[in-house]
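Protein chains in written order, with this note's numbering: chain A, 20 to 317; chain B, 22 to 462. No residue lacks a Cβ here, since even glycine has one placed at the ideal position from N, Cα and C. Here is the structure we will look at, set down as structure tokens.
Structure representation (structure tokens):
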């Protein structure tokens, strides 16, 4: 495989630091009211920190190699970080609504087993969807599947086929909205306030459209999860990484006939993927168990 | 493998209600001596409260069903108001323990716990089954009668390949040596004497075993019992720490072993330093320990970087103290005292760092990295190469880049933060390349 070298989009990086700049300005003004020398001192520290952070981002490079991904930067300090594909458990991506759309960028996050959260991120890169696919392929191809027959391993083959299992799984957006609206309605009952209505309606509409855009695709070797009404998120989870499956139905879930399925990996104590507000919970769990058995997991 | 079904016992709840009512009776008698009516009412109130709470907790507990099936899965089903079902793969279990608290001893029951790879907790205290999905404490959920607990425990041991078949090494802690620091402490804080006595008895009843394929830690004394079994193949890294006082007097050290997913040691004990701990590290290596292929010490930037930032920090503190405050004699006296304290802290900090710089060393073997550091507690931390997830090399400008040294960060399962740092190495490039090569293979 030819090495692919990527770098963060500087315009997008600057936008991500806008919040930092606003905070600097506000804090500086406060100090200006107290003492001019102090103001200059604080400002110069902030500017130096800002230059340092931007300098690191400008010099940052991600290199996709045959067996690993390398991240390095060289600005004042110097760092090289290497993560082998075989250590990656989850891969996910994120594209924010405005900033990433303007710059045509996105971010890819990689997690490894045995630790919480994201361990490695390829932030604000162009053409991130193709890179995502490239890394996904590397993850899928890096391991072979054991073929079982009557409970015995009779051989292995590389994962190349990615046929889909069933129809797309979608949560029920209307049930999700109603279930979120119930506590709000209870608050209204005790504290009727017209000022609550507008933000609550916006919030419920947001929940509805977010759930409407959420779906799960089950392939023979992986699950893909898509979400995002304004921002776009995608997550791919190989069956190889699943440690256990939990089906959870609260009282309200049972009233509305929906389920919540949490798919756990060794990467985190939080579920890697949560499939909530789905009506076909039991059949999803059953399908997952069967697929895991085929993969020699159980 | 045959399938096992079990439900948690509710004996502890029944003991709890008796103790609760007894305590309520004592309080009510106290009140009743002065106000008889209030005393009776208080007793009735406590009884009703205890009955409701106990009935509820018995109902919750008996709503759980456990099954260990023939496909190496633990299936947990729960149905009371909420409905919950979980399937856990047994190959993800990193340790199995069976313990009995004082209350459980009264009730005659045991609790089974197990740690799971990738989770920063051990099942039972705040663990996975029930706890992070349901908010219940699974320590109660897995409380079983003696016979059932034995059956489930042995079954789990068989499935996790950690049966205690053949003992390779057995060790009993040296009782006085183990409690020596506690003993010194109780000479000052006399009220700790009962705890010291209990600790002596507990240590006396404690033993550590290395079997063919597992580590076993167990004790059994009047306040309870505990047995923890950790399969050797689940261990990720170990740490041996020796306190200069206890090591010099009793030749004992402290060994901790870790499994993937937890920041806390799964096995931690005071041991005779040379023998037992070596046995564990030998097992972890999978072969007899050999001579290191590379031995490195931190470069001068380890001290100079610290010196630079430490001096800036104290410089700012000194400046601020001189910048603020009036010129009255009282204020000047206070400021002088602060300056003396700060100066002592500054010199002491630098001295400690310098000693640490001189005593730290790294040994690189073909299958592990050993980080030896510490002044009073000398720690020897072992990182098997096969457990490394990813590596990073960093060079800060002050002074690593100027002095051509680099710090290697080694990430292993069990933490999102940097687990291990090999500071300011001169041969950082060679070591980093070797580690990357190893990881790629």
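Near residue i, what residues of its chain come up, given a Cβ to Cβ distance below 8 Å and the 5 sequence neighbours on each side ignored?
i                      : result
residue 36 of chain A  : 69, 72 and 73
residue 352 of chain A : There is simply no residue 352 of chain A to check, as chain A begins at 20 and stops at 317 in what is shown.
residue 168 of chain A : With a pLDDT of 49 at residue 168 of chain A, under the threshold of 50, the modelled position of this residue cannot be trusted; read the value that follows with caution. No residues qualify anywhere along the chain.
Select from the options the residue whose C-alpha is nearest the C-alpha of residue i.
i                      : options                       : result
residue 293 of chain A : A:303, A:99, A:282 and A:299  : A:282
residue 200 of chain B : B:215, B:221, B:367 and B:213 : B:221
residue 252 of chain A : A:97, A:85, A:59 and A:124    : A:124
residue 105 of chain A : A:275, A:219, A:86 and A:196  : A:86
residue 401 of chain B : B:386, B:260 and B:330        : B:260
residue 305 of chain A : A:269, A:254 and A:237        : A:237
residue 98 of chain B  : A:275, A:264, A:302 and A:274 : A:264
residue 411 of chain B : A:139, A:155 and A:234        : A:139
residue 101 of chain B : B:79, B:116 and B:335         : B:79
residue 24 of chain B  : B:176, B:451, B:240 and B:268 : B:176
residue 78 of chain A  : A:63, A:98, A:156 and A:60    : A:98
residue 84 of chain B  : B:276, B:366, B:106 and B:267 : B:106
residue 326 of chain B : B:223, B:423 and B:124        : B:423
residue 266 of chain A : A:297, A:274 and A:260        : A:297
residue 17 of chain B  : B:250, B:245 and B:448        : Here chain B has residues from 22 to 462 only, and residue 17 of chain B is not among them.
residue 418 of chain B : B:323, B:367, B:363 and B:451 : B:323
residue 113 of chain A : A:54, A:65, A:144 and A:193   : A:144
With a CB to CB cut of under 6 Å and the five nearest residues on each side skipped, what residues in its chain are close to residue i?
i                      : result
residue 156 of chain B : No answer about residue 156 of chain B holds up, because its pLDDT of 30 lies below 50 and its placement is not dependable.
residue 16 of chain A  : It is not possible to answer for residue 16 of chain A, since the shown part of chain A is limited to 20 through 317.
residue 217 of chain B : 203 and 207
residue 229 of chain A : 248
residue 26 of chain B  : 88
residue 397 of chain B : 265
residue 196 of chain A : 223, 226 and 227
Between which two residues does the beta strand (DSSP E) holding residue i run?
i                      : result
residue 415 of chain B : 411-416
residue 427 of chain B : 427-432
residue 106 of chain B : 103-110
residue 84 of chain B  : It is not in any beta strand (DSSP E) - residue 84 of chain B carries neither H nor E in the DSSP assignment.
residue 392 of chain B : 389-394
residue 384 of chain B : 382-385
residue 262 of chain B : 256-264
Which residues in chain E have a C-beta closer than 7 Å to the C-beta of residue i? List them in chain order.
i                      : result
residue 273 of chain A : Of the protein chains in the structure, A and B, none is chain E.
I'd like the span of the alpha helix (DSSP H) that includes residue i, first residue to last.
i                      : result
residue 282 of chain A : Residue 282 of chain A -> not in any alpha helix (DSSP H); beta strand (DSSP E) instead, spanning 278-284.
residue 51 of chain A  : 37-53
residue 221 of chain B : 214-225
residue 109 of chain A : Unbroken run through residue 109 of chain A is the beta strand (DSSP E), 107-114; no alpha helix (DSSP H).
residue 37 of chain B  : 32-55
residue 446 of chain B : Taken as a continuous stretch (DSSP letters only), residue 446 of chain B belongs to no alpha helix (DSSP H), being part of the beta strand (DSSP E) at 441-446.
On the three-state DSSP scale, how would you describe residue i?
i                      : result
residue 257 of chain A : strand
residue 79 of chain B  : helix
residue 282 of chain B : Here the model assigns residue 282 of chain B a pLDDT of 48, short of 50, so the residue's position is not dependable and the matter cannot be decided.
residue 84 of chain A  : coil
residue 120 of chain A : helix
residue 312 of chain B : coil
residue 246 of chain A : strand
residue 166 of chain A : Below a pLDDT of 50, predicted positions are generally treated as unreliable, and residue 166 of chain A, at 45, falls in that range; the measurement from the model is reported next regardless. Three-state DSSP puts residue 166 of chain A in a strand.
residue 97 of chain A  : strand
residue 304 of chain A : helix
residue 451 of chain B : helix
residue 353 of chain B : helix
residue 233 of chain A : coil
residue 397 of chain B : coil
residue 26 of chain A  : coil
residue 291 of chain A : coil
residue 151 of chain B : Low confidence applies here, because residue 151 of chain B scores a pLDDT of 30, under 50, leaving its location unreliable; read the following figure in that light. Helix at residue 151 of chain B.
residue 405 of chain B : strand
residue 129 of chain A : strand
residue 210 of chain B : coil
residue 21 of chain A  : coil
residue 460 of chain B : helix
Suppose the cutoff is 7 Å on Cβ atoms and the five residues either side in sequence are ignored; what does the same chain contact list for residue i look like?
i                      : result
residue 389 of chain B : 306, 403, 404, 405 and 406
residue 255 of chain A : 110, 155, 241 and 243
residue 127 of chain B : 36
residue 224 of chain B : 194, 196, 199 and 200
Taking the DSSP output, what are the residues bridged to residue i?
i                      : result
residue 121 of chain B : B:246
residue 173 of chain B : DSSP output for residue 173 of chain B lists no bridge partner at all.
residue 240 of chain A : Residue 240 of chain A is not bridged to any residue.
residue 70 of chain A  : In the DSSP output, where bridge partners are listed per residue, residue 70 of chain A has none listed.
residue 145 of chain A : A:124
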